[in-house]
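Under this note's numbering, the first residue of the sequence shown carries the number 263, and numbering increases by one thereafter.
Glycine included, each C-beta is placed from N, C-alpha and C at the ideal position.
Inspection log for the structure reproduced underneath, given as structure tokens.
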Amino acid sequence: MDPCELSPSYVRSIAPYQPGKPISELARELGLDEAGIVKLASNENPRGIGPRTRAAIEAAIPEIARYPDGNGFELKSALSRRHGVDMSSIVLGNGSNDVLELAALAFLGPGRAAVYSQHAFAVFPLATQARGARGIVVPAKDYGHDLEAMARAIDDETFVAWIANPNNPTGTLAGAAELEAFLRRVPERVLVVLDEAYNEYLPPERRADTVKWLKRHPNLVLTRTFSKAYGLAGLRVGYALAHPSVADVMNRVRQPFNVNSMALAAATAALDDMEFVARSYAENLQGLKQLEAGARQLGLQFIPSFGNFLTLRVGKAQDVFKRLLRRSVIVRPVGGGYGLPEHLRVTVGTAQENEKFLAALAASLKD
Ligand SMILES: Cc1ncc(COP(=O)(O)O)c(C=O)c1O
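Shown next as structure tokens:
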């Protein structure tokens, strides 16, 4: 007997998450110079990290031999001040991915279901399936979440609704009025997980005051991350804001030391690197415009994006992806799990990286 058959069938049938190709792997595979490779595949911040964050990371080195503060007091205090919520409403995670898993662990299981949109963030089906819960996939509307249809699709077994806003990989945004209508409509039994990983990239007039909604909707969970605008993807730190009872159950299923000490120190400092985040936001908008203009010049359609990435329709995306690799540019094909076989997702890089990508794309489309 293959020992993997001892694992439940719903676990065995999980399709592995496909991460962006690491630079070192591409260099090894194609014999390329690492320094010349541009990676625009995982929606990271091309600007690195801010000065306060760097200083905090250096200051945290001597403490590495000790376990981190399992309750993350300093970071929770800073988040509590930033968002005007009680510390008991905060759940810290090893990236916001971890926090999504904690929501699934605490609220899903066999005999339960979660609803999410076609083309929604890949972790939603993964976290649902890993708990033996049923996924209810609702067809997308203009590539985005069809919230009315999602509300209609909720059945008696549904305990979670996953919504990424903006969504990855489509970059689509649901408006505040639409989201509030959804929250009013869904049964209180359904935990609405609003994943706001790209929140800091939204223009101020598009940023709904979702934290305020927590008071009215005890079934709402907001998730945020330090991986994107704050530049801390490699350290893994994210968090959820929720009703204290919801945060309490999520904290019970959390590993005691799920966020490491360096990540805690870096994230606490990163909240004060306001200028860095503001510049990341402004440069991202510029970069998006640059990529959109380049796509138009190449006659390519794209999905208008509210994140730090743009998803372009290039035809045979796997082929174009491979041709780009040979030109030292790594992007992300979004076929397979995402159901967008003709699209490639490119992260907004620096102006030079975007230019290199557009030149390589122009050449790759001609090959
Ligand atoms: C929509 C969305 N949510 C969550 C995440 C998870 O990010 P992290 O675990 O680094 O916080 C990502 C990462 O790409 C994302 O695109």
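Non-local C-beta neighbours of Pro372 in its own chain, meaning closer than 6 Å and more than five positions away in sequence, comprise Gly394, ordered along the chain.
For Arg314, same chain residues with a beta-carbon under 6 Å away, outside a window of 5 residues either side, are Ala531, Asp534, Asp535 in chain order. A buried status is given to Gln391, since no fewer than 16 other beta-carbon atoms sit within 10 Å of its beta-carbon.
Where Thr530 is concerned, the enclosing alpha helix (DSSP H) starts and stops at 523-532. Distance check between His605 and each of Ala579, Tyr492, Glu287, Ala366 places Ala579 closest, using alpha-carbon atoms only.
In the same chain as Val385, and ignoring 5 residues on each side of it, the C-beta atoms closer than 7 Å to its own belong to Asn359, Leu362, in chain order. Relative to the Cα of Leu476, the nearest Cα in the group Gly310, Ala504, Leu494, Leu453 belongs to Ala504. For His505, there is no enclosing beta strand (DSSP E), as DSSP marks it with neither H nor E. The beta carbon of Phe383 sits closer than 7 Å to at least one heavy atom of ligand 1. By the criterion of a C-beta distance shorter than 7 Å, Lys618 is surrounded in its chain by Val300, Val591, once the five residues flanking it on both sides are discounted. Taking a 10 Å sphere around the C-beta of Gly355, we find 16 or more other C-beta atoms and assign the residue as buried.
Close to ligand 1, as judged by a C-beta nearer than 6 Å to any of its heavy atoms, are the residues Asn305, Gly357, Ser358, Asn359, Phe383, Ala426, Asn430, Asp457, Ala459, Thr487, Ser489, Ala495, Gly500, in chain order. A contact between stretches requires three or more CB pairs, one per stretch, nearer than 8 Å, and the segment 302-316 meets this requirement with the segment 521-531. The segment 596-610 and the segment 569-579 touch, with three or more beta-carbon pairs separated by less than 8 Å.
With a beta-carbon spacing of about 6 Å, Leu587 and Leu288 fall inside the 8 Å limit used to define contacts. A Cβ-Cβ distance of about 5 Å is found for the pair Val511 and Ala368, placing them in contact under the 8 Å criterion. Judged by beta-carbon spacing, Leu456 lies beyond the 8 Å limit of Leu435, meaning their Cβ atoms are not closer than that value. Residue pairing by DSSP places His605 opposite Arg575 in a beta bridge.
The alpha carbon of Leu294 has as its nearest neighbour, out of Gly597, Gly601, Arg589, the alpha carbon of Arg589. At the C-beta level, Ala495 and Ser304 come within 8 Å of one another. The DSSP-derived three-state label of Ile398 is strand. For Thr390, the secondary structure class from DSSP, reduced to helix, strand or coil, is helix.
According to the DSSP assignment, Asp404 belongs to no beta strand (DSSP E), since it is labelled neither H nor E. Contact annotation: Pro330 and Val596 have beta-carbon atoms that are not nearer than 8 Å. Contact annotation, Asn616 with Ala491: C-beta distance approximately 17 Å; criterion of less than 8 Å not satisfied.
The Cβ atoms of Phe488 and Ala426 do not sit closer than 8 Å to each other. DSSP places Gly556 in the uninterrupted alpha helix (DSSP H) bounded by 536-559.
DSSP places Thr434 in the coil class of the three-state scheme, outside both helix and strand. About 5 Å separates the beta carbon of Val400 from that of Met412, a gap short enough to meet the 8 Å contact definition.
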